[in-house]
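Q:
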Amino acid sequence: MNTATPAPYAQFRAEDVARYPFPLPKPQYRYSANIEPARTPVPTAAGRWGTHRVDIDRHYRHELALRAGILAADPTRYACLPHMQAAAWDAMLTVMSDLSADYPGRMSLARDGEQYHWRNTDLGIDQRFVFGDPATLPADPLSWICGQIQEDVVLLDQREGQLWADAGVVTFAADWSFGFDVGMSFTQLHGPVPRVHRERIITRAQDFLMRLEPGESYRRTNWTLTVDGRLDTSTETYPIWGRDRRTLAGGDPAEVGDRLHLRTEVQHLTRLPVSGAVMFLIRTYLLPFRAVASVPEWAGRLASVLAELPADIAEYKGLARTRGPGVRWLAEHAGVNGEVTGGSFPATHGGVY
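Once you know that position 31 of the sequence shown is 30 in numbering that gives the first Met the number 0, the rest is easy, because the numbers rise by one and skip nothing.
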C-alpha cells in the first residue's frame, strides 16, 4: 500500500462522516449551477452540514500548516492585483465577522473607533489593526486571513459587464492553476468545462452573481475523486497526483477503499459589503471510499453516478482511471446492487489521465 499518504483523511472518524457534505442528490450527475442560500443546514443520511459559511473542523491545524508549506514553495498560489486591495480588506473583515459570530470563545472581533481588535485563540493571535492601513497588520490582509481558514479564496471584480478573478489564495485546487488563471474573466475560467457553454450554465451563473446585493450569500457544491487524501491537486503538482491515479488503477484492488477519496467542494459566493467584489470561498472535504461505504445510501448513489457518468464529463473531472476501480470496490465491499448499470470499465485507461 502507498504509505506516503499526505493527509490523515483515511483515518476517518464518525464526526467526519456525520458532517460530510455529500454532493450527489440523484443517481445521475450533470453540470448545473445548483445554487442555494448559504447557512441553510442540509440533513444527510449520516448527519448534516451547511450551518456555517466558514467552517472549522478537526483538520484545522493540519490544513493551515499544509497551506503555509504550499505557499512557501510556490508563491504564485497567492495574487492580489493592485485594484483589489480594498476587496482584500473587505474579505478579511467579512471572514473575521463570520468566525467571531460562529465560534465565540475561540475567535473574537471588536471595534473601538477606527481600530479593530482580532483574537484567534486557536492560533494564539491577538492583533489590533486599522481597516485599510497595511502597517497595522503583520502581512497583507488576504494572505493573513487565509492563513487562519481552511477555505481557498478567490475575489472577483465586476467591470465591463463581466466578473474577473483578480485576487485570491488557492492552495487546494482541483486540477487547475490559480497562478495561470488570475486576471481571467469568469467565462474564460470555465472555458474547458464540457457542456456548460452549450447549455448556457456559465452565462446564467455569471448573470446571477452580478445581480447579488451587498451582503447576499449563496453556495453550491462540486465534486471529484482524489487519490491518497491529497488536497493539493493543482496543475502544478500533476506529476505527483497523476502518478497516484495510475498506481491506484493498476494496483491492488483491496487498497481502493483507503486510497480513493470522494472530494467535495462547498463553494460560497458572497457580495462583499464595502468593495462590491464577489468573494468565492472554496472549502474542500475528503472522505475515503471505506467511509462512504459506511453509509449504504451514499455507497449506492456514488456507484450509480460513477457508472452512468458520460465519458466527456468523466474525462474532464479526471475520473477516467479511477471510477472503474471505485465502482468495483463499492460493488464488492458495500453491497451495491443492481441499481448500478453501465459499470464495465477497463482496469486502466489509455487517455491523458
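No residue lacks a Cβ here, since even glycine has one placed at the ideal position from N, Cα and C.
Bear in mind that the values here come from a model prediction, so they are computed numbers and not experimental data.
#1: For Y59 versus S142, is the C-beta distance shorter than 8 Å?
#2: What would DSSP say about A134, mapped onto helix, strand or coil?
#3: Measuring CA to CA, which of A173, G123, Q114 is closest to T236?
#4: Please work out which residues of its chain come closer than 7 Å, Cβ to Cβ, to V335, disregarding the five sequence neighbours upstream and downstream, and give them in chain order.
#5: Per DSSP, R282 is paired with what?
#6: Taking the alpha helix (DSSP H) that A67 belongs to, which residues open and close that run?
#7: Which residues does DSSP list as the beta-bridge partners of I124?
#8: Going by CA-CA distance only, name the one from V168, G228, L271 that's closest to L259.
#9: Looking only at its chain, what residues have a beta carbon closer than 6 Å to the beta carbon of P213, apart from the 5 residues adjacent to it on each side?
#10: Does the beta-carbon distance from T321 to V168 come in below 8 Å?
#11: Over the uninterrupted alpha helix (DSSP H) stretch that includes W16, give me the two end residues.
#12: Start and end of the alpha helix (DSSP H) containing W143?
#13: Can you tell me which of Y30, G112, D121, H82 puts its alpha carbon nearest to the alpha carbon of S99?
#14: Evaluate A248 with the Cβ neighbour count: other Cβ atoms within 10 Å of its Cβ, from every protein chain shown; 16 or more gives buried, anything less gives exposed.
#15: Measure the beta-carbon distance from L280 to V152 and round it to whole angstroms, keeping in mind my assumption that it falls under 8 Å.
#16: Based on the DSSP output, what are the partners of H82 in its beta bridges?
A: Concretely, from the data shown:
#1: Here the question's residue 59 lines up with position 60 in the sequence shown. Here the question's residue 142 lines up with position 143 in the sequence shown. Going by C-beta atoms, Y59 is not nearer than 8 Å to S142.
#2: As a first step, residue 134 must be located in the sequence shown, where it is residue number 135. DSSP places A134 in helix when its eight states are reduced to three.
#3: Walking along the sequence shown from the start, residue 236 turns up at place 237. Comparing alpha-carbon positions, the option among A173, G123, Q114 lying closest to T236 turns out to be A173.
#4: Taking the first residue of the sequence shown as position 1, residue 335 is located at position 336. Taken in chain order, the residues that qualify are A298, G299, A302, L329.
#5: Position 283 of the sequence shown, counting from 1, holds the residue named residue 282. According to DSSP, R282 bridges with V265.
#6: The count along the sequence shown starts at 1 and reaches residue 67 at position 68. Run containing A67: 59-72, per the alpha helix (DSSP H) assignment.
#7: To locate residue 124, count along the sequence shown from 1; it is residue 125. Beta-bridge partners of I124 (DSSP): N119.
#8: Within the sequence shown, residue 259 is the residue found at index 260, counting from 1. L259 has its Cα closest to that of G228, out of V168, G228, L271.
#9: Within the sequence shown, residue 213 is the residue found at index 214, counting from 1. R270, P272, listed in sequence order.
#10: Stepping through the sequence shown from its first residue, residue 321 is reached at position 322. Stepping through the sequence shown from its first residue, residue 168 is reached at position 169. Contact check for T321 against V168 fails: the beta carbons are separated by 8 Å or more.
#11: Within the sequence shown, residue 16 is the residue found at index 17, counting from 1. Here the sequence assigns Val to residue 16, which means Trp is not the residue at that position. Its alpha helix (DSSP H) spans residues 13-17.
#12: Position 144 of the sequence shown, counted from the start, is the residue given in the question as residue 143. Counting along the chain, the alpha helix (DSSP H) containing W143 begins and ends at 140-145.
#13: For the purposes of this step, residue 99 is identified with residue 100 of the sequence shown, where counting begins at 1. The closest CA to that of S99, considering only Y30, G112, D121, H82, is found on D121.
#14: Along the sequence shown, read from residue 1 onward, the residue named residue 248 stands at position 249. Counting Cβ neighbours within 10 Å, A248 comes out buried, since at least 16 surround it.
#15: Taking the sequence shown and counting its residues from 1, the one referred to as residue 280 is at position 281. Taking the sequence shown and counting its residues from 1, the one referred to as residue 152 is at position 153. Right, the Cβ-Cβ distance comes to about 6 Å (below 8 Å), so this counts as a contact.
#16: Position 83 of the sequence shown, counted from the start, is the residue given in the question as residue 82. H82 is not bridged to any residue.
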